[in-house]
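Inspection log for the structure reproduced underneath, given as structure tokens.
Chains as they are written, first to last, in this note's numbering: chain A, -1 to 107; chain B, 39 to 152.
Next up, the structure:
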């Protein structure tokens, strides 16, 4: 069966520190992968998507970057976090519908 | 500009009644529309997909309609239960190069009272 793993579940980071969030998918190959962010009380904002290894497209200019070093691995990164990077980060892969990971609650302090 | 609008106010209904949530969109010509459920602190969970050539789709107590002329989808939960309380999101295929990339509405929170 297909599963998606995302970690960590919660993260508190100081302003200016780096960030690395990881997402892995099991049970499928060459998935389309997505990173979304959800600010408190807001809708889902698409940040990045990837249709294959090394292929990253950004939807919103920002302080974040993404990489896809392996077929089923998608990483969200930042070199220096800003307060505005706080939010709920979700990884998803596309099947019939989208399957989302459990999310990472990031608080930048 | 493209917009997906859902009622941002919470919908409060009594257990056993039918809940109806609305999704309106502008400047989209979606091939299909999806509905998701999101519980607090969790990722959205896919519920239903309805295609542009389908007027209605059902799954257990859920029913979705899709009117491409009105540019509207209605999401119904019949015989609602307190466990149905959650935020419900509609999503459309947006523009872009990533195949079937979804854009989400802001969601409507449903509260079912016993």
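Backbone N, C-alpha and C define an ideal beta-carbon position, used for all residues, glycine too.
If you're wondering where the values come from, they're calculated on a predicted model, not measured in any experiment.
Asked, Found
"is_contact[residue 97 (chain A), chain B] using C-beta, thresh 8 Å", "yes"
"Host beta strand (DSSP E) of residue 150 (chain B) (start-end)", "146 to 151"
"Residue 88 (chain A): contacting residues in chain B (beta-carbon distance under 9 Å)", "81 and 82"
"Assigned secondary structure, residue 56 (chain A) (DSSP; H/G/I helix, E/B strand, else coil)", "strand"
"Cβ separation of residue 36 (chain A) and residue 88 (chain A), assumed to be a contact under 8 Å, to the nearest whole Å", "7 Å"
"8 Å Cβ cutoff, residue 110 (chain A) in contact with chain B", "Because chain A spans -1 through 107 in this model, residue 110 (chain A) falls outside it and cannot be assessed."
"Test item: CB-CB of residue 146 (chain B) and residue 49 (chain B) under 8 Å", "yes"
"Cross-strand partners of residue 95 (chain B) (DSSP beta bridge)", "B:102"
"Residues of the region 41 to 52 of chain A with Cβ closer than 9 Å to any Cβ of chain B, in chain order", "41, 42, 43, 44, 47, 48 and 49"
"Segment contact, 8 Å Cβ cut-off, at least three pairs: the region 61 to 80 of chain A with the region 19 to 31 of chain A", "yes"
"Through-space distance from residue 26 (chain A) to residue 93 (chain A), alpha-carbon basis", "9 Å"
"Residue 97 (chain A) classed as buried or exposed, judged by whether at least 16 other C-beta atoms fall within 10 angstroms", "buried"
"Pick from B:141, B:64 and B:116 that is closest to residue 96 (chain B), judged by C-alpha positions", "B:116"
"Backbone secondary structure at residue 115 (chain A) - three-state DSSP", "Nothing can be reported for residue 115 (chain A): it is not among the residues displayed for chain A, which extend from -1 to 107."
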